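Engineer: This is the structure I want to talk about, given as structure tokens.
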Amino acid sequence: MELLDNPVRAYAWGSRTVIPEMLGQEVPSPHPQAEMWLGAHPADSSQLVHPDGGRTSLLDALGADPKLLLGPERSERWDSTLPFLLKVLAADEPLSLQAHPSLEQAREGFAREEAAGIARDAANRNYKDANHKPELICAITELDALVGFRDPTATVRLLRAIGVPELNGHAELLAAQPDADGLRALFTTWITLPQAVLDTLVPALQDGCVKLAGDDGEFSTEARTVLELSERYPGDAGVLAALLLNRVSIDPGDALYLPAGNLHAYLSGAGIEIMANSDNVLRGGLTPKHVDVPELLRVLDFRSTPPPIVEGKPDGDWVRYDTPAEEFLLRRLDGTSGTTVPVPGGGPRILLCTVGGARVRTAGAELEVGRGASLWLSAADTDATAEPLAEGTQLFLASDSLVV
Ligand SMILES: [Zn+2]
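Okay, so the sequence shown: first residue is -5 according to the working numbering, each after it adds one.
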């Protein structure tokens, strides 16, 4: 068991308060702090902080002795790597419209781009690794997002309510085919419109949304989202695409699960995110970054789904967020001071304190984590316990979901 020091990424959409406040730094921070990465991703690994103050990259430590750190079964199952990546994500502004590939698509795409000689850090590189990236985000503030395709019949109602003549034909096409094929046809039409058409269509949509945004009807939130996105990304096809997606606000403690092919965009808010250890993102707009529409169309799942909200289930003293992903499992503890609880799960784990503080003990060691601090438990650190040191202490625990 050792303390971790974690890289913070300064993407432009990040919040200047959430992460610096959690880390006890100056607020607002001089630069946006979008994500803190806790794990062993090759692009940005956490550091193990030894008792003497020395440091070792977690990635290097895993490379040196995967069997010890991961345990023999997991070392084999996960090919000597840490299967999950944990993040604190804090967004003040919308993130790009995106989807992630399946494992098969990622392997094929990675091999294809390697063969084409596209440098792994090139701006037009889609597949940074050969892994899929299912992800789950648990809100720690109210979290707003667009996730997955809405029931097309509801989208037809939305388009009719917006009442923009230029969109009437599109609404009727979807009304005639209110299924995955209809969504594919409409999304493909919109995302490939020439810029000159978008430059008149998006402002028309904006005008249509002004009235809807002001009433308290079924789609006022959706209309406000269109206005916010079109102000930030005028003439962007992603604004049209946003019309097709579920618009959700989730409360702290609830989570969203994004499987392969799910089109999504986080709009604002902060959360604890866990994912398979990958950086494979295919973008469809609402970003200055590389957008590859044909590749996005290849991986998208056009079946409509209700918002994929995951409610935590009790798991002893903890709450757990189950998903089909084997690479990760997120648990949360809302602790009471003066109690000592077992730290569940096995294999390699990362424990993060987001509120309060805790004393963590294993057979051989004892460490304290305050707010924003985190620690690494290797497979050898069995029988760990956590003792919250303040009322309302909140801990998140990342592991894989294997029962070995
Ligand atoms: Zn994503």
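By construction, the Cβ of each residue, glycine as well, lies at the ideal position given by its N, Cα and C atoms.
Quantities reported herein were computed from a predicted structural model and do not represent experimental measurements.
Whole angstroms is fine: what's the gap from leucine 192's alpha carbon to glycine 279's?
Structural biologist: Cα-Cα distance, rounded: 13 Å.
Engineer: Within the present structure, is the beta-carbon of glutamine 92 separated from the nearest heavy atom of ligand 1 by less than 6 Å?
Structural biologist: Yes - ligand 1 has a heavy atom lying nearer than 6 Å to the Cβ of glutamine 92.
Engineer: Quick one: complete beta strand (DSSP E) runs, 3+ long, within the region 63 to 126?
Structural biologist: Listed in chain order, they are 78 to 85, 91 to 93.
Engineer: Within its chain, find whatever has a CB closer than 6 Å to the CB of glutamate 87; leave out the 5 residues flanking it on each side and keep chain order.
Structural biologist: Trp7, listed in sequence order.
Engineer: Please state if the CB of glutamate 381 and the CB of arginine 343 are separated by a distance shorter than 7 Å.
Structural biologist: For arginine 343 and glutamate 381, no; Cβs fall outside 7 Å.
Engineer: Touching or not, the region 55 to 75 and the region 295 to 310, by the rule of three or more beta carbon pairs under 8 Å?
Structural biologist: Short answer: they don't touch.
Engineer: Would you tell me roughly how many angstroms separate the C-alpha atoms of isoleucine 244 and glycine 48, rounded to the nearest one?
Structural biologist: Going by the C-alpha atoms only, they are around 40 Å apart.
Engineer: Report the rounded CA-to-CA distance for proline 302 versus proline 246, giving the unit in angstroms.
Structural biologist: Their Cα atoms are separated by approximately 15 Å.
Engineer: Within its chain, find whatever has a CB closer than 6 Å to the CB of lysine 61; leave out the 5 residues flanking it on each side and keep chain order.
Structural biologist: Here the set comprises Ser69.
Engineer: On the three-state DSSP scale, how would you describe glutamate 15?
Structural biologist: Helix.
Engineer: Helix, strand or coil for alanine 4 per DSSP?
Structural biologist: It is coil, neither helix nor strand.
Engineer: May I ask which residues mark the beginning and end of the beta strand (DSSP E) holding glycine 364?
Structural biologist: Unbroken beta strand (DSSP E) run through glycine 364: 360 to 364.
Engineer: How would you label threonine 219, buried or exposed, when you count the other beta carbons within 10 angstroms and need 16 or more for buried?
Structural biologist: Buried: at least 16 other Cβ atoms inside 10 Å.
Engineer: I think glycine 103 touches tyrosine 121, with their Cβ atoms under 8 Å apart; what is that distance to the nearest whole Å?
Structural biologist: With 8 Å as the limit, glycine 103 and tyrosine 121 qualify as a contact, their Cβ atoms being about 4 Å apart.
Engineer: Among residues of its own chain, excluding the 5 on either side of aspartate 138, which ones have a beta-carbon nearer than 6 Å to its beta-carbon?
Structural biologist: Excluding residues within five positions, the ones whose Cβ falls inside 6 Å are Ser243, Leu261, Ser262, Gly263.
Engineer: First and last residue of the beta strand (DSSP E) that includes valine 313?
Structural biologist: Note, valine 313: beta strand (DSSP E), 312 to 315.
Engineer: So histidine 164 is in the alpha helix (DSSP H); what residue range does that whole segment cover?
Structural biologist: That run of the alpha helix (DSSP H) goes 159 to 170.
Engineer: Closer than 6 Å by C-beta to leucine 252: which residues in its own chain qualify, once you throw out the five before and the five after it? Chain order, please.
Structural biologist: Cβ neighbours of leucine 252 beyond the five flanking positions: Glu129, His258.
Engineer: Measure the beta-carbon distance from alanine 179 to leucine 91 and round it to whole angstroms, keeping in mind my assumption that it falls under 8 Å.
Structural biologist: Contact doesn't hold; Cβ gap of about 18 Å is too wide.
Engineer: Buried or exposed for alanine 117, going by 16 or more other Cβ atoms inside 10 Å?
Structural biologist: Exposed, because fewer than 16 other Cβ atoms sit within 10 Å of the Cβ of alanine 117.
Engineer: Is the beta carbon of valine 158 sitting closer than 7 Å to the one on alanine 84?
Structural biologist: Not in contact: valine 158 and alanine 84 (Cβ atoms no closer than 7 Å).
Engineer: Serine 331 by DSSP, collapsed to three states: which one?
Structural biologist: Of the three classes helix, strand and coil, the one that applies to serine 331 here is coil, per DSSP.
Engineer: Quick check on valine 150: does DSSP put it in helix, strand or coil?
Structural biologist: Reduced to three states, the DSSP call for valine 150 is helix.
Engineer: Going straight from the alpha carbon of proline 401 to that of histidine 164, what length do you get?
Structural biologist: Residue 401 lies beyond the range of the chain shown here (-5 to 398); nothing can be said about it.
Engineer: Taking 7 Å as the threshold (C-beta atoms), are threonine 387 and glycine 329 in contact?
Structural biologist: Cβ atoms of glycine 329 and threonine 387: closer than 7 Å.
Engineer: If I measure Cβ to Cβ from asparagine 123 and keep anything under 6 Å in the same chain, skipping five residues before and after, which residues do I get?
Structural biologist: Here residue 123 turns out to be aspartate, not asparagine, going by the sequence shown. So the list reads Ser272, once near-sequence residues are dropped.
Engineer: What are the residues that DSSP puts in a beta bridge with histidine 44?
Structural biologist: In DSSP, histidine 44 forms no bridge with anything.
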